[in-house]
C-alpha cells in the first residue's frame, strides 16, 4: 500500500468519525507542516499554535476532502491559509502567494533559514535529538546503516534497495526495521525523561 | 507488529495487512508509540525541527471537543455515486412516462413510398353498419377513455360529429 493510499485510508476512517485515525495523520505530518509554516512565522511558539489551528481546520473541513489531491497537499494549503490569516489578524504582512506555494511546499524539505528561527532551547533539543539519531546511525552495522539511509535520505523503495544491496526484499525490510529500533532505543531515554521534551 | 509498522510507513505493506494494521494502530499503545517514534526518526534524519511533546495531546484534546464527523463525504463517494445514479434513473423513468402520457397525439401518417405510374385501384371503403346504440354507448363511456383526460373535448367533439353525420344520412 502506497503512502498516499495509507493517508487515504486514514482520512476515510476519520471521515467516518474515527478521530484516532486523524491523530495518526497529526503524528505523521506535524513536523513537516510546522517546518513549512516556519517560513511564514518566526516565533516557534506561534508556529506551533498555527500548526495546531491548521490541523483543527483540516479536521473540520475533512467531509469536503474528496481525495483529488494528496492529503498532505490539501493540508499544506490549509496550513498556508491559516498562517496568512494569522499574520493578517496580527497586523503583519503575509507572504504573497508567489513567495510560498503549496506545490513548492510539497517538495520543501529543509533549509538553513529554519535553524536560524529556532529559539536556543529548541535548537539545543533539536540538536540533541539529531545527534542521537546520527551517532546511533554511525554505530549501526554497515548493512543496517546503508539500508536506512537509502530509505530515509534517498527515498528509495525496498525493491530498489534490494537491487542496490544485492539481497532479498525481505532482508531490506528487516534491516530497515532493525535500524529504526536501534535508533528508537537510544531516543527513548531522551524522550521519556525530559520535562521540557520537544519532539 | 513493529516490523510491520516500519514497512507500513514505507508503503511496503500489502493492502490487507495495511488495513488490519491501521485498525490496530488506534487500539494498541505500543504500536502507536512505534508509529510516532519512527516518524520522528524519519523527520530527524532529514531536518532537526521538533515540536513540543504536548503538541499531539493538545491537538487531540481539541479534537475531542469537535463534533464527530458522522456525515461522511469526500472519500466515501461510492454510496453517493450509486445514490446519484439511482436518482437519475428514477428521474429519467418519470420523464419518459410523462412524455409518453402528455405528448401531443399525432395522427399516424402512412409511410411514404416511391410513386409508381401504376394507377391504383379504387376501392370502396367497407361500410359496416353500426348498431343504433353505439353513439349513446360511446358518449356515455367516453370518460373512461385514457385519451379523454388528456385531449380535452376531442373525443366528445368527434362523437357529436359522428352523430351529425348519422343525422344527415
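Protein chains in written order, with the numbering used here: chain H, 3 to 201; chain F, 76 to 244. We treat Cβ as the ideally placed atom computed from N, Cα and C, and that holds for glycine. In this text the structure is predicted, and so the values were computed from the model without any measurement.
Outcome for residue 169 (chain F) when other beta-carbon atoms lying within 10 angstroms are tallied against a minimum of 16: Along the second chain, one-based indexing puts residue 169 (chain F) at 94. Burial call: exposed.
Cα-Cα separation, residue 110 (chain F) to residue 86 (chain H): Indexing the second chain from 1 puts residue 110 (chain F) at position 35. Indexing the first chain from 1 puts residue 86 (chain H) at position 84. If you draw a straight line from the Cα of residue 110 (chain F) to the Cα of residue 86 (chain H), it comes to about 31 Å.
Opening and closing residue of the alpha helix (DSSP H) in which residue 121 (chain F) lies: On the second chain, residue 121 (chain F) is found 46 positions in, with the first residue counted as 1. If you look at residue 121 (chain F), you'll find it in the alpha helix (DSSP H) that goes 104-121.
Cβ separation of residue 84 (chain H) and residue 52 (chain H), assumed to be a contact under 8 Å, to the nearest whole Å: As a working mapping, residue 84 (chain H) is identified with position 82 in the first chain. As a working mapping, residue 52 (chain H) is identified with position 50 in the first chain. Sure, about 6 Å apart at Cβ, within 8 Å.
Test: residue 165 (chain H) CB closer than 7 Å to a CB of chain F: In the first chain, residue 165 (chain H) corresponds to position 163, counting from 1. With 7 Å as the cut-off, residue 165 (chain H) does not count as an interface residue toward chain F.
Per DSSP, cross-strand counterpart(s) of residue 170 (chain F): Position 95 of the second chain, counted from the start, is the residue given in the question as residue 170 (chain F). DSSP links residue 170 (chain F) through a beta bridge to no other residue.
Nearest residue (CA-CA) to residue 13 (chain H), options H:69, H:182 and H:3: Mapped onto the first chain, residue 13 (chain H) falls at position 11. Nearest option by C-alpha distance: H:69.
Beta carbon of residue 154 (chain H) nearer than 7 Å to that of residue 177 (chain H): Here residue 154 (chain H) refers to the residue found at position 152 of the first chain. Here residue 177 (chain H) refers to the residue found at position 175 of the first chain. For residue 154 (chain H) and residue 177 (chain H), no; Cβs fall outside 7 Å.
Cβ-based contacts, 8 Å cut-off: residues of the stretch 115-129 of chain F near chain H: Cβ contacts with chain H come from 115, 116, 117, 118, 119, 120, 121, 122, 123, 124, 125, 126, 127 and 128.
Chain C contact residues for residue 42 (chain H), given Cβ-Cβ distances below 9 Å: The structure shown contains no chain C; the protein chains it does contain are H and F.
Closest residue to residue 88 (chain F) among H:16, H:20, H:5 and H:17 (Cα-Cα distance): The residue you call residue 88 (chain F) lines up with position 13 of the second chain. Out of H:16, H:20, H:5 and H:17, H:5 has the C-alpha closest to the C-alpha of residue 88 (chain F).
Bounding residues of the alpha helix (DSSP H) (the contiguous stretch that carries residue 92 (chain F)): Along the second chain, read from residue 1 onward, the residue named residue 92 (chain F) stands at position 17. Here the alpha helix (DSSP H) through residue 92 (chain F) covers 90-100.
Three-state secondary structure (DSSP) of residue 127 (chain F): The residue given as residue 127 (chain F) occupies position 52 in the second chain. It is a strand residue.
Proximity of residue 21 (chain H) and residue 96 (chain F) at Cβ, strictly below 7 Å: Along the first chain, read from residue 1 onward, the residue named residue 21 (chain H) stands at position 19. Along the second chain, read from residue 1 onward, the residue named residue 96 (chain F) stands at position 21. No, these two residues do not count as a Cβ contact at 7 Å.
Anticipated Cβ contact below 8 Å, residue 186 (chain H) with residue 91 (chain F), distance rounded: Reading the first chain from its first residue, position 184 is the one you call residue 186 (chain H). Reading the second chain from its first residue, position 16 is the one you call residue 91 (chain F). Actually they do not touch by this definition, with Cβ atoms about 26 Å apart.
Delimiting residues of the alpha helix (DSSP H) encompassing residue 26 (chain H): Residue 26 (chain H) sits at position 24 when you count from the first residue of the first chain. Start and end: 21-39.
Spatial distance of residue 116 (chain H) from residue 41 (chain H) (CA atoms): In the first chain, the residue the question calls residue 116 (chain H) occupies position 114. In the first chain, the residue the question calls residue 41 (chain H) occupies position 39. Legend: pLDDT at residue 116 (chain H) = 41, less than 50; position of this residue unreliable, no value from coordinates given.
Assumed close pair residue 33 (chain H), residue 126 (chain F) - CB separation to whole angstroms, cut-off 8 Å: Your numbering for residue 33 (chain H) matches position 31 in the first chain. Your numbering for residue 126 (chain F) matches position 51 in the second chain. So it is a contact: roughly 6 Å between Cβ atoms.
Inter-stretch contact at 8 Å, needing at least 3 Cβ pairs: the stretch 77-86 of chain F / the stretch 160-177 of chain H: Contact between the stretch 77-86 of chain F and the stretch 160-177 of chain H is present: 3 or more CB-CB pairs across the two stretches fall below 8 Å.
Three-state secondary structure assigned by DSSP to residue 128 (chain H): Counting from one through the first chain, the residue named residue 128 (chain H) turns up at place 126. Of the three classes helix, strand and coil, the one that applies to residue 128 (chain H) here is helix, per DSSP.
Cβ neighbour criterion (16 or more within 10 Å) applied to residue 165 (chain H): Here residue 165 (chain H) refers to the residue found at position 163 of the first chain. Looking at its Cβ environment, which holds fewer than 16 other Cβ atoms inside 10 Å, residue 165 (chain H) is exposed.
Residue-chain proximity (residue 78 (chain F), chain H), Cβ-Cβ < 7 Å: Within the second chain, the letter at position 3 stands for residue 78 (chain F). For residue 78 (chain F), a Cβ of chain H is located within less than 7 Å of the residue's own Cβ.
C-alpha distance - residue 170 (chain H) paired with residue 141 (chain H), whole-angstrom precision: As a working mapping, residue 170 (chain H) is identified with position 168 in the first chain. As a working mapping, residue 141 (chain H) is identified with position 139 in the first chain. Near 24 Å, if we compare the C-alpha coordinates of residue 141 (chain H) and residue 170 (chain H).
Continuous alpha helix (DSSP H) assignments of at least 4 residues falling wholly in the stretch 42-107 of chain H: Secondary structure remark: continuous alpha helix (DSSP H) runs of at least 4 residues inside the stretch 42-107 of chain H, in chain order: 46-63 and 73-91.
Inter-residue spacing [alpha-carbon to alpha-carbon] between residue 223 (chain F) and residue 202 (chain F): By 1-based counting over the second chain, the position of residue 223 (chain F) is 148. By 1-based counting over the second chain, the position of residue 202 (chain F) is 127. Note that residue 223 (chain F) scores a pLDDT of 49, beneath 50, so its modelled location is shaky; the value from the coordinates is reported in the next line. Answer to the nearest angstrom: the Cα atoms are 27 Å apart.
Local Cβ density within 10 Å of residue 85 (chain F), reported as buried at 16 or more and exposed below that: Within the second chain, the letter at position 10 stands for residue 85 (chain F). Answer is buried; the Cβ neighbour count reaches 16.
For residue 10 (chain H), the three-state DSSP class (helix, strand or coil): Taking the first chain and counting its residues from 1, one reaches residue 10 (chain H) at position 8. If DSSP states are grouped into helix, strand and coil, residue 10 (chain H) belongs with the helices.
Reference residue 24 (chain H); option with closest CA among H:74, H:132, H:161 and H:94: Translated into positions along the first chain, residue 24 (chain H) becomes position 22. The residue from H:74, H:132, H:161 and H:94 with its alpha-carbon nearest to that of residue 24 (chain H) is H:74.
Where the alpha helix (DSSP H) through residue 80 (chain F) begins and ends: Here residue 80 (chain F) corresponds to residue number 5 of the second chain, with the count starting at 1. Unbroken alpha helix (DSSP H) run through residue 80 (chain F): 77-84.
Beta-carbon proximity check, residue 182 (chain H) vs residue 116 (chain F), cutoff 7 Å: Along the first chain, read from residue 1 onward, the residue named residue 182 (chain H) stands at position 180. Along the second chain, read from residue 1 onward, the residue named residue 116 (chain F) stands at position 41. The answer is yes: Cβ separation under 7 Å.
Min CB distance residue 162 (chain H) to chain F below 7 Å: Taking the first chain and counting its residues from 1, the one referred to as residue 162 (chain H) is at position 160. Not closer than 7 Å to any Cβ of chain F, the Cβ of residue 162 (chain H) fails to qualify, so no.
Cutoff 8 Å; reference residue 130 (chain H); Cβ partners in own chain excluding five residues on either side: What you label residue 130 (chain H) is simply residue 128 of the first chain in a count that begins at 1. Cβ neighbours of residue 130 (chain H) beyond the five flanking positions: 192.
Sequence-distant residues of the same chain with beta carbon closer than 7 Å to residue 93 (chain F), five excluded per side: Indexing the second chain from 1 puts residue 93 (chain F) at position 18. Leaving aside the five residues that flank residue 93 (chain F) on each side, the residues in its chain whose CB is nearer than 7 Å to its CB run, in chain order, 83.
Within 7 Å of chain F by C-beta, residues of the stretch 127-148 of chain H in sequence order: Residues of the stretch 127-148 of chain H whose Cβ lies closer than 7 Å to any Cβ of chain F, in chain order: 127, 128, 129, 131, 132 and 135.
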